[in-house]
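Before any comments, here is the structure.
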Amino acid sequence: MDILFAQIQADLRSNDAIRQSGALLQALQQSAAGRDISVIAKSACEEIVASPASAVCKKLAFDLIRSTRLTADLWEIVCTGVRTDLDFPDPDVTAAAVSILAAIPSYRLGKLIVDCNKEISNCFDSHSDNLRHSITETLGCILARDDLVTLCENNVNLLDRVSNWWTRIGQNMLDRSDAVSKIAFESVGRLFQEFNSKRISRLAGDKLIDSENSLAIRSNWVSWMIDFVWKSRNALMARSLILPIESFRVTVFPLVYAVKAVASGSVEVIRQLSKSSGNSSSNTDMMNLGNAEKLVGVSDVVTHLVPFLSSLDPALIFEVGINMLYLADVPGGKPEWASQSIIAILTLWDRQEFSSARESIVRAVVTNLHLLDLHMQISLFKRLLLMVRNLRAESDRMHALACICRTALCVDLFAKESVRRGQKPLAGTDIASLFEEVRIKDDLNSVTSKSLFREELVASLVESCFQLSLPLPEQKNSGTESRVIGALAYGTGYGALNWTEPALEVVEVCRPCVKWDCEGRSYAIDCYLKLLVRLCHIYDTRGGVKRVKDGASQDQILNETRLQNLQRELVKDLHEMNTPRICARLIWAVAEHIDLEGLDPLLADDPDDPLNIIVANIHKVLFSVDSSATTSNRLQDVQAVLLCAQRLGSRHPRAGQLLTKDLEDFKNNGLADSVNKHQCRLLLQRIKYATSHPESRWAGVSESRGDYPFSHHKLTVQFYEASAAQDRKLEGLVHKAIQELWRPDPSELTLLLTKGVDSTSIKVPPSVYTLTGSSDPCYVEAYHLTDSTDGRITLHLKVLNLTELELNRVDIRVGLSGALYFMNGSPQAVRQLRNLVSQDPVLCSVTGGVSHFERCALWVQVLHYPFYGSAAGEYGDGDYAEEDTQIMRQKRSLKPELGDPVVLRCQPYVIPLTDLLLPHKISPVEYFRLWPSLPAILEYSGAYTYEGSGFRATAAQQYGASPFLSGLKSLSSKPFHRVCSHVLRTVAGFQLCFAAKTWFGGFLGMMIFGASEVSRNVDLGDETTTMMCKFVVRGSDASIIKEIGSDIQGWLDDITDGGVEYMPEDEVKLAAVERLRISMERIALLKAAQPPPKHSKPDEEEEEEEEEEEETDEIQNKSKEKKENGEEDGKQKGPSTLSKLTAEEAEHRALQAAVLQEWHMLCKERVTKVH
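Quick note on our numbering: the sequence shown kicks off at 2 and runs consecutively.
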């Protein structure tokens, strides 16, 4: 291999173009085979890029450069060669040099463009088609990127030049050469896309945070380009028609985007964002455009595009179809535009030619369904359901289902409201007809179908109904979404309960789901029953069907009758249940709301009587022997059934008689535990009282709540069971799809547009750290910005020359440790700074990616060359012996005129672990359900001091900020979500719960338990007190906890900004023993002084937790109080002689107590609101 490389290098050094090109092709072959060709790249830079050579050799050399990594010195050589070549008489050589501009690192690009701007501008005027093509393509890639916009922001001259280049690229769309015209269209399309999505900037590797000026700069370019395309649209359409048919596709998007922006008025907002005062005459022209002119413009573009829908190229049909759909929702757009393109796109599906884009086809159709007229929507519906069912990717399937379910509700509501307003009814608009497709129906009615699709469908339909029951989101800007919201608002008439009509149909369509056997999964059935209970509560089915004389409308009577019939059907289904866990839930859903008074007393002995069936099933659940964890949750089922029995028995005398016998049997049966027996005794007394005093049945039992207190979440033991995991996964997917569709998070651009242009989004500036020592010749400070969406961290450095001399050259080397990596795979980044004037700051930045959750650091090294340019002696080997081989190799390869470098090693820049976390919003109940099941756990103690005087030092404050939390106040600025709606506080302590997710999806829960300890040295009435904190951290992945546990003090510094000090367990135990000894000595002294009152001896564990108070009775009061408060909050404890609980059990009980407390508070709040 060395011989081959030597031969290639020899060929490169020859001046023969054929030998050089052959050698370069061989090198590219070796590179493609995965071999390291950095040696050859160095020769190529010096012998071909920096020297005169043929255009072919230059092109091949640049390809070679792109396929390998170059050092900063070699990039300097490349930049020098490019500058020379831009003036070269042969346009092909210049075109090759232009093409490499896109590959030059962003830190070097700005200076090169500023130096060569004149030569670059001249390329646009060249007679060579090849050169014009090359400059249009390269600048189209570079000028849209974030890093170049940031350079323009800091350099006004560069901004003017770049703006002129955009003008030239726009004019090149009408160029005489087809290739140049095509690439200009593509570049303009890229500018528009980048304005919305930032895709290219991410590929460039520098994701810099947008400031308002850079947004204004880009808006200025976009608004100018939109004006240009709008004014010359006829010429551009004519030019695109004479392009070769394979190039036509790229011309569609720029035309459509610009025309849509003008027609929908968004160009006005873009113009406001650009804050430009120029082009005022063109602005007024655009402002004065009438609606008719805008609509004619849109119509012209549609007429221009329609013929291509019948093309033979699938990609072209898809592109044209998508863009016509984009135009169809402008004000005044026609449904035919949407229907033509949707038919064309669906034809692709039928032809099976575009199978790689099946997801894209479905997404395009379902997101634009609302643009079609009702007939078309109905005719497409059944077909779409089958298409969605065949999609492979879950997220795409969920998104499509969410769209379909929303459209179904829209169609149903819209058609009903139209009929109410006197229009002719349209067949097939009700939900039952929409979901009547044979295969879907079979799926819903089959008991043991293996497909998950039916569960997804039921869950999406039900969740969509719940979204409809909430107030509709307000839409400020017109567009796709506002049409849907408009249709829903028209259908519901903004009436509070109009959503219940489609919901009732959903409940009827999905009724077979209660009979499914889903292999233990219950999420879809739970969703269904929750909606059923909500509807029964709203319509108050328990009171029977209302009559006209009670003020009920015809619609209401009809709906209530349907709901009553549905309940009776569901009662009959109780015999056919296939999932044991659902049986008790269905009993709860029906028994609570069924109209017992309306039952026929003559059928009391009929086994098919609803009440007899319910009682028989209550008996079945109570005496069920199959209590395995997977099939049923017996504890919960029995509780639910007993509650149903109490309410049924106290509502109806016959139910009371039937249930009394069952409850007596159950009370005396071995299956009932002691709690159940007590409960049965109480229930029997209540039922007896209710039957003997029919006139004074108390309201507390008989009112229905509309609650459905069940969930598919299972207990800790069952967490790893497959069905529960599938349920949780399905819930996550459905919720995400529904949320994104009904209430999407607005993008940054949308926020700016809706908030108004004048409002400045003030970002908190990051804190800056100094990395160098006080006597170093260069001062370096740094701060970092993180971007969790791309998993990147950018380190921004400011370098200041503190000497009085001008430093000709300074190299900044940045190495990585931990999970960081550079985008190009190199082990370190080098930034070469030239000519640093004394006291003049120079900025540079480095961007790296983060691969996983781990503590990371960036190691900065500054090399400056005091003898740069003068003759230098040989390098000393001894000075750098400890450095790694790569740096040694680089040192040896440095040219002698650099002189000896002075190396400054800076402090490492450590990235806090908290920067790799995101707050995870979660309800307290879900959090406490999830907490015990997190497998990895870490416990440690910390301490901090806080100041308080008198009573404030020990008691939790009723209002205002408690002095307790002073050491943890910085937690509020960290990326944690505080779970509890209120802090759980005892008299001398607290409990806090936090939830977060890592960038990579792992879950992290943290609980902090605090116990205050008053110090003994009280001086002048002021008390400085110590707060002992027990931190319990649990994670979904052992690696997360391992990383936190590897440096606990570092983690504490990250989350509390250095406020809490880590206390090793040995110290905690020693301190506890010491406190106990002092307490015992005091008690002994006091006992000697006076006879103690009779009381039980406090056990060791309580003594450990006590604070050192002056008198014994205070200690005893405290211990009693703590005993009452159930001090299982997970505070640090020694081994106890009395308690048999393990640490995990004690913690689990504390959590259950916390959940009950939270639930109790919520119930109290709800009761006060109701009354």
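Beta carbons: idealized from backbone N, C-alpha and C, even for Gly.
Contact holds between the region 544-561 and the region 593-609, because three or more Cβ pairs, one in each stretch, are under 8 angstroms apart. Pairing L731 with T999, the inter-Cα distance amounts to about 21 angstroms.
With contacts defined as CB atoms closer than 9 angstroms, Q31 and I49 fail to qualify as a contacting pair. The beta carbon of D179 is closer than 7 angstroms to those of L244, P245 and S248 in its chain, skipping five residues each way along the sequence.
Rounded to whole angstroms, the Cβ separation of V838 and N802 is 7 angstroms, and the two are in contact under 8 angstroms.
Around the CB of R835, fewer than 16 other CB atoms lie within 10 Å, so the residue is classed as exposed. Annotation for L87: T95, A98, V99, C117, E120, I121 and C124 place their beta carbon closer than 8 angstroms to its own, counting only its chain and skipping 5 residues before and after. In this structure S461 is in contact with V735, their Cβ atoms being roughly 6 angstroms apart against a cut-off of 8 angstroms. Counting along the chain, the unbroken alpha helix (DSSP H) around P581 starts and ends at P581 to A592. At least 9 angstroms separates the beta-carbon of E561 from that of S724. In the three-state reduction of the DSSP assignment, V831 falls in the strand class.
Considering only A590, Q640 and C1030, the residue with the shortest C-alpha distance to R569 is A590.
The beta-carbon separation of D444 and D431, rounded to 20 angstroms, does not stay under the 8 angstroms limit for a contact. Cβ-Cβ separation between S967 and Y947: approximately 4 angstroms, consistent with a contact (criterion under 8 angstroms). When C845, Q992 and G671 are compared, the shortest CA-CA separation from K112 is found for C845. For H128, the closest of P315, D638, D91 and Q341 by C-alpha to C-alpha distance is D91.
H376 and L370 have their C-alpha atoms spaced approximately 11 angstroms apart. In chain order, A259 and V263 place their CB closer than 6 angstroms to the CB of W231, counting only its own chain and leaving out the 5 sequence neighbours on each side.
Annotated as distal: L532 and V622, with beta-carbon spacing of 9 angstroms or more. W350: not part of any beta strand (DSSP E); member of the alpha helix (DSSP H) spanning P336 to R352, first to last residue. Straight-line spacing of the CA atoms in L149 and K1043 works out to 41 angstroms. I114 is not a Cβ neighbour of L132, given a cutoff of 9 angstroms.
Two segments are said to touch when three or more pairs of C-beta atoms, one from each, lie closer than 8 angstroms; by this definition the region 1037-1052 does not touch the region 1071-1084. Taking the CA atoms as reference points, K668 sits about 7 angstroms from N677. The beta carbon of K975 lies closer than 6 angstroms to those of T915 and I1056 in the same chain, with the five residues before and after it left out. Closest in C-alpha terms to R364, from the list L392, I379, W338 and R352, comes L392. S215 places its beta carbon less than 9 angstroms from that of T151.
With at least 16 other beta carbons inside 10 angstroms of its own, K516 counts as buried.
Within the region 131-217, the complete alpha helix (DSSP H) runs of at least 4 residues fall at 147-154, 157-172, 179-198 and 200-205. In summary, T773 is buried, with 16 or more beta-carbon neighbours lying within 10 Å of its beta-carbon over all protein chains present. Taking 9 angstroms as the cut-off, the beta carbon of Q833 is found no closer than this to the beta carbon of D176.
Residue Y780 holds the alpha-carbon nearest to the alpha-carbon of Q840 among Y780, V815 and A830. Scanning M238, L612 and I739 for the CA closest to the CA of A401 turns up I739. Around the CB of F624, fewer than 16 other CB atoms lie within 10 Å, so the residue is classed as exposed. Cβ-Cβ distances below 7 angstroms link A504 to C466, L532 and L536 in the same chain, with the five nearest sequence neighbours on each side left out; the list follows chain order. If you check the CB distance, V911 and C981 do not come in under 9 angstroms.
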